[in-house]
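S.K.:
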Amino acid sequence: MTQAASNMVQDSAGAPDAQLHVWLKPHRIVLIAIGLGILAAAGWFGEWDWLAQYRAQLWQGLWVTLALLASSVLIGFLFAVPIGLAQVVGPWWLSGPAQAFCTVIRGTPLLLQLWLLYYGLGSLFPMIPGIRGSFLWPYLREAWPYGVASLAISFAAYEGEVMRGAFAGVPAGELQAGRAFGMSPLKLFWRIWLPRALHRALPVLNGETVLQLKSTPLVATITVVDLYGVISRVRSGTLLTYEPLLLLALIYLLLTAILVLIFRFFENRIPTRGV
Amino acid sequence: MGSIDWGLLALSPPGWGGVLLAGFLRSIEIALGGYCLGLVLGIGGAMGKLYGNELIRDLMETYTTVVRAVPELVLILLLYYSGTDLLNRLMAWMGREAVDISGLAAGIFVIGIVQGAYSTEVIRAAIKAIAPGQIEAARAFGMSPFKVMRRVTLPAMLPHAIPGLANLWLIATKDTALLAVVGFSELTLVTRQAAGATKHYLLFFLAAGVLYLGLTLVSNLLIGRIEKRARRGIAEARA
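Quick mapping for you: the protein sequence lines, in order, are chains A and B. According to the numbering used here, the stretch in the first sequence is residues 1 to 275, in order. According to the numbering used here, the stretch in the second sequence is residues 276 to 514, in order.
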């Protein structure tokens with residue numbers, strides 16, 4: 001029975017009507033009605049005139065948030081793979097620093113790291129002779145590179161840990177089979193070890209990417225105007241307490257839902273038998 | 276500027292060490308309070324999700340989904356402002372005077388609500404990992420539901436829950452830093468104030484980092500001991 005039910009849930013193309021019927025129980029209809037009622041009340045009684053005025057800025061903020069998420073996840077993951085690998089097969093002078101890096105970054109708050117980079121390093125850079133003339137200077141004066149850097153460092157540390165477990169968890173027999181076929185170490189890594197580890201880590205990476213999305217608003221504290229930064233401007237401009245924050249929460253809910261759906265699509269594309 | 280002025284970290288007033296330690300203590304207080312509140316909410320939430328009727332289960336699902344999908348920073352702002360606002364309105368409605376909520380209580384409340392959603396999931400999964408026969412046996416002995424929970428369910432789920440709960444404790448200690456954004460003077464905010472006043476940013480942020488890291492490492496040691504103790508009846512080789 002439960003098997004059939006779970007099959008039905010998974011096979012969404014099968015019979016959407018029947019599925020909807022199972023899901024829509026009377027109390028759920030009431031709950032949805034209450035939820036819609038609250039939304040309607042918020043729309044009716046709240047002040048939303050500012051939406052038109054700030055619309056362009058909100059889109060811009062959304063773009064900044066998504067760009068921060070994508071770039072920090074990408075850069076962070078590129079570092080996470082060698083960090084994870086070094087901890088599994090590296091010699092002590094590689095695995096030690098990798099482990100220390102993960103422990104230190106995971107043991108301190110991201111907000112502190114962000115402020116350390118922005119205020120701490122940011123105050124040191126101008127003292128380096130010749131840096132004002134270099135091509136880096138225009139970037140070092142902006143806030144967003146520090147935001148991307150600290151988000152990427154944090155993601156690299158957390159995912160380095162995840163990839164360590166994933167690399168270690170690939171069955172030794174599969175690697176031996178690859179070696180028996182005469183694959184070079186690089187080919188073995190590229191064709192077997194990395195794909196299999198990625199496959200194992202995918203569900204965890206999904207959760208971690210959602211966590212990363214939820215970390216992005218911290219960059220607003222170093223004057224990067226992401227979605228949260230725009231909403232902060234709205235709040236100080238209109239002196240409204242609830243409406244901007246509720247809209248913000250709603251947008252993040254939607255973004256999380258979209259992220260989860262995207263990852264589920266990828267997870268379903270890979271057959272999982274015996275994993 | 277080149278050399279490091281360690282005197283800035285001295286405990287007495289020309290140095291900022293005492294201020295940092297006071298902030299550190301407040302961070303730990305909030306983390307502890309919020310974590311305990313989160314545990315209580317988590318046990319309640321897990322019970323609701325496992326044994327509640329359909330309505331309660333859906334309400335719990337909504338709570339955990341929403342809290343886990345919205346950034347902590349946004350939740351903290353929402354709960355911090357709306358919590359104090361609603362409480363004061365309630366007080367006015369009951370004809371009492373507006374109360375001034377201490378930052379400590381508000382911080383504990385906010386961290387607790389966030390932690391509650393995560394610990395609900397951890398505890399629910401841990402309870403589901405208990406062999407069902409144990410709970411059935413307790414029921415067969417005629418124990419009341421409360422007694423079953425106190426004597427069997429909670430102790431038996433502990434070994435399964437400890438890794439997740441330990442993780443949540445570490446998250447709680449780091450989430451207290453977010454309260455700096457609403458102006459609560461815990462470690463991160465006082466660090467920023469000290470750094471701003473002396474212009475020695477790197478020194479103070481590194482010092483605060485050492486304090487947070489120390490807390491994490493000490494916690495890890497204690498967690499290891501607790502885990503060992505909680506698992507003492509369980510065979511080691513569990514595939």
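Note that the Cβ used here is the ideal one computed from N, Cα and C, for glycine as well.
#1: Can you give me, in chain order, the residues of the segment 160-185 of chain A that have a beta carbon less than 9 angstroms from any beta carbon in chain B?
#2: Assuming K324 (chain B) is part of the alpha helix (DSSP H), what are its boundary residues?
#3: Relative to the C-alpha of L453 (chain B), which candidate in B:E347, B:A505, B:R371, B:A482 has its C-alpha closest?
#4: Quick one: is Q87 (chain A) buried, meaning 16 or more other Cβ sit within 10 Å of its Cβ, or exposed?
#5: Where T533 (chain B) and Y487 (chain B) are concerned, what is the direct C-alpha to C-alpha distance, given to the nearest angstrom?
#6: Just how far apart, CA to CA, sit A380 (chain B) and V349 (chain B)?
#7: Residue range of the alpha helix (DSSP H) that V423 (chain B) falls in?
#8: If distances are taken between C-alpha atoms only, which option among B:A321, B:A344, B:F384, B:T463 comes closest to L253 (chain A)?
#9: Please classify A406 (chain B): does DSSP put it in a helix, a strand, or coil?
#10: Could one say the Cβ of K214 (chain A) lies closer than 7 angstroms to chain B's Cβ atoms, at least one of them?
#11: By the 10 Å Cβ neighbour count, where 16 or more other Cβ atoms means buried, how is H21 (chain A) classified, buried or exposed?
#12: Within 10 angstroms of its Cβ, does A13 (chain A) collect 16 or more other Cβ (buried), or is it exposed?
#13: Hey, does L440 (chain B) have any beta-carbon neighbour from chain A nearer than 7 angstroms?
#14: What does the Cβ neighbour count give for A157 (chain A), buried or exposed, with the cut at 16 atoms within 10 Å?
#15: Strictly below 8 angstroms CB to CB, what residues from chain A border Y487 (chain B)?
#16: Compare the Cα-Cα distances from I386 (chain B) to each of B:A297, B:A483, B:L352 and report the closest residue.
#17: Check whether chain A comes within 7 angstroms of G292 (chain B), counting only Cβ atoms and requiring the distance to be less than that.
#18: How close, in whole Å, do the beta carbons of R191 (chain A) and A166 (chain A) come, if the pair is a contact with beta carbons under 8 angstroms?
#19: Give a yes or no on whether 7 angstroms exceeds the smallest Cβ distance from A483 (chain B) to chain A.
#20: Please classify I402 (chain B) as buried or exposed, where buried requires at least 16 neighbouring CB atoms within 10 angstroms.
#21: Over the uninterrupted alpha helix (DSSP H) stretch that includes L496 (chain B), give me the two end residues.
#22: Flag this pair as yes or no: are the beta carbons of T216 (chain A) and L69 (chain A) separated by less than 7 angstroms?
#23: Just checking my contact of Y54 (chain A) with V230 (chain A) at CB under 8 angstroms: how many whole Å lie between their CB atoms?
#24: Let me confirm a value: Q390 (chain B) is counted as buried when at least 16 other C-beta atoms fall within 10 Å, else exposed. Which label applies?
#25: Could you give the residue range of the alpha helix (DSSP H) that holds K214 (chain A)?
M.R.: In this structure, then:
#1: Answer in chain order: no residues at all.
#2: It spans 292-326 - the alpha helix (DSSP H) in which K324 (chain B) sits, taken as one unbroken run.
#3: Taking only the C-alpha atoms, the option nearest L453 (chain B) is B:E347.
#4: Buried, because 16 or more other Cβ atoms sit within 10 Å of the Cβ of Q87 (chain A).
#5: It is not possible to answer for residue 533 (chain B), since the shown part of chain B is limited to 276 through 514.
#6: Straight across, the Cα-Cα distance linking A380 (chain B) with V349 (chain B) is about 18 angstroms.
#7: Where V423 (chain B) is concerned, the enclosing alpha helix (DSSP H) stretches over 420-423.
#8: Check the Cα spacing between L253 (chain A) and each of B:A321, B:A344, B:F384, B:T463: the tightest is with B:A344.
#9: A406 (chain B) falls in the coil class under three-state DSSP.
#10: Taking 7 angstroms as the threshold, the shortest C-beta distance from K214 (chain A) to chain B falls below it.
#11: With fewer than 16 other Cβ atoms from the protein chains shown falling within 10 Å of its own Cβ, H21 (chain A) counts as exposed.
#12: Bear in mind that a pLDDT of 48 at A13 (chain A), under 50, signals an unreliable position, so the model cannot answer this.
#13: Proximity of L440 (chain B) to chain A, defined by a Cβ-Cβ separation below 7 angstroms, is not satisfied.
#14: Burial of A157 (chain A) is indicated by the presence of at least 16 other C-beta atoms within 10 angstroms of its C-beta.
#15: In chain order, G107, T108, P109, L112 make up the part of chain A whose C-beta sits under 8 angstroms from the C-beta of Y487 (chain B).
#16: Nearest C-alpha to I386 (chain B): B:L352.
#17: So no, G292 (chain B) is outside the interface.
#18: With a beta-carbon spacing of about 16 angstroms, R191 (chain A) and A166 (chain A) fall beyond the 8 angstroms limit used to define contacts.
#19: Yes, A483 (chain B) counts as interfacial toward chain A.
#20: If you draw a 10 Å sphere on the C-beta of I402 (chain B), you find 16 or more other C-beta atoms in it, and that means buried.
#21: Where L496 (chain B) is concerned, the enclosing alpha helix (DSSP H) stretches over 476-505.
#22: The Cβ atoms of T216 (chain A) and L69 (chain A) lie closer than 7 angstroms to each other.
#23: The Cβ separation is near 7 angstroms, so the contact holds.
#24: Counting Cβ neighbours within 10 Å, Q390 (chain B) comes out buried, since at least 16 surround it.
#25: Taken as a continuous stretch (DSSP letters only), the alpha helix (DSSP H) holding K214 (chain A) covers 194-215.
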